[in-house]
Amino acid sequence: MFRLLSKESNIFSIPIYIVILLLIVIGFNFLDFNSLDIISAVITFAGVALGYFCFNAISLNYQTHLPLFLYTVFIFALYPGDLDIGIAVSLFTNSIIILLLTDNDLAVRKNAIILVGAILALNFIFLPTTWPMFIFVIFHLIGTSDRVGLHIFKLLFGILLVAISYFSIALFLGMNSWNEVYFPFQNFEPSKNIKQLLWLLPVALMLIHSVIDHFRNFNKKSPTSKFKYTFLLIYLFAQLATIFFYMGNVYEYLLLLALPASIILSRMLRFLPKYWMKEAGLWVIIISLILFKMTNYLQF
Numbered sequence: 151m152f153r154l155l156s157k158e159s160n161i162f163s164i165p166i167y168i169v170i171l172l173l174i175v176i177g178f179n180f181l182d183f184n185s186l187d188i189i190s191a192v193i194t195f196a197g198v199a200l201g202y203f204c205f206n207a208i209s210l211n212y213q214t215h216l217p218l219f220l221y222t223v224f225i226f227a228l229y230p231g232d233l234d235i236g237i238a239v240s241l242f243t244n245s246i247i248i249l250l251l252t253d254n255d256l257a258v259r260k261n262a263i264i265l266v267g268a269i270l271a272l273n274f275i276f277l278p279t280t281w282p283m284f285i286f287v288i289f290h291l292i293g294t295s296d297r298v299g300l301h302i303f304k305l306l307f308g309i310l311l312v313a314i315s316y317f318s319i320a321l322f323l324g325m326n327s328w329n330e331v332y333f334p335f336q337n338f339e340p341s342k343n344i345k346q347l348l349w350l351l352p353v354a355l356m357l358i359h360s361v362i363d364h365f366r367n368f369n370k371k372s373p374t375s376k377f378k379y380t381f382l383l384i385y386l387f388a389q390l391a392t393i394f395f396y397m398g399n400v401y402e403y404l405l406l407l408a409l410p411a412s413i414i415l416s417r418m419l420r421f422l423p424k425y426w427m428k429e430a431g432l433w434v435i436i437i438s439l440i441l442f443k444m445t446n447y448l449q450f
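Numbered by the numbering used here, the letters in the sequence shown go through residues 151 to 450 in order.
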């Protein structure tokens, strides 16, 4: 199976994966179709669809089927059918931010900074616990911008525009009280019931091994590969911060890891020395995710 997924993908691959994932999710929820929230589902799949295009934008996987397949399995295993609207919006906005920050046109990247700030603010309105994404963008600007101060100002200006619009609408509607959820720096709720997460332990160990192996062979990597992998790791750590502090037992937060985990794991599998290791690693990932899905679906 690994050899089949190692073949080069083409222009039709992404639409096919999107359709297959959509059919699987609909089929899986067919017996309990009311649990499939239409609004959040549409936003989620818009974000997931954009996520497929992020693989080519980040360009760390040689355009093979493997990362696309792993991403599809991750989404299927972690998507509950009644996803919170905040997480759905976060998936959508995160994909847009990645596409904007990795655009090949330098002019587009520079001119999109205000838009990125506005998207971050919108993301915060729907899900305040995603504030680590702001740190991710700041680090990216510091590492890539020739005029860091100007670009950070543009980012903050984009945030300010959305904030002013939001508070103006709230004032117009007579919403004068402050909601404490918009100050998410208290009442952290790390997950206490990790029994169901144990099914994902093999995947987590593979992720850790992949990151360690990357730095063990860091000097052998090209400058472009080093930069892109660092970009991906900072994004991964931003999502991990949100998950660690706020997930609790809302395992849907794990969807935020689907994109970076798929890229990192597919690279790990590709660079394993033996073919049987690649095949075994792939099946361990698939089985772990399916067991996690079935455990949550059947409420073991």
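By construction, the Cβ of each residue, glycine as well, lies at the ideal position given by its N, Cα and C atoms.
{"query": "Give the straight-line distance between the Cα atoms of G299 and A271, rounded to the nearest whole angstrom.", "result": "19 Å"}
{"query": "How many angstroms separate the CA atom of L173 from the CA atom of F226?", "result": "11 Å"}
{"query": "Could you spell out where the alpha helix (DSSP H) holding G236 opens and where it closes?", "result": "235-251"}
{"query": "Give the DSSP bridge partners of T214, in chain order.", "result": "E158"}
{"query": "Whole angstroms are fine: how far does the CA of S209 sit from the CA of H290?", "result": "17 Å"}
{"query": "Within 10 angstroms of its Cβ, does F381 collect 16 or more other Cβ (buried), or is it exposed?", "result": "buried"}
{"query": "Whole-angstrom Cβ separation of I435 and M356, contact assumed at under 8 Å?", "result": "7 Å"}
{"query": "Rounded C-beta distance between F442 and L386? I'm assuming under 8 Å.", "result": "Actually they do not touch by this definition, with Cβ atoms about 19 Å apart."}
{"query": "Could you tell me whether the stretch 265-284 touches the stretch 232-247, using the rule of 3 or more Cβ pairs below 8 Å?", "result": "yes"}
{"query": "With H, G and I counted as helix, E and B as strand and the rest as coil, what does DSSP make of R297?", "result": "coil"}
{"query": "Would L409 pass as a contact of Y229 if the rule is Cβ separation under 8 Å?", "result": "no"}
{"query": "Which of helix, strand or coil does DSSP assign to V400?", "result": "coil"}
{"query": "Report the residue from L218, D234, S318, L305 whose alpha carbon sits nearest the alpha carbon of N261.", "result": "L305"}
{"query": "How would you call E402, buried or exposed, if buried means at least 16 neighbouring beta carbons within 10 angstroms?", "result": "buried"}
{"query": "Quick check: V266 and L251, are their CB atoms within less than 8 Å of each other?", "result": "yes"}
{"query": "The alpha helix (DSSP H) spanning A517 covers which residue range?", "result": "As displayed, the chain neither begins before 151 nor continues past 450, which places residue 517 out of reach and without an answer."}
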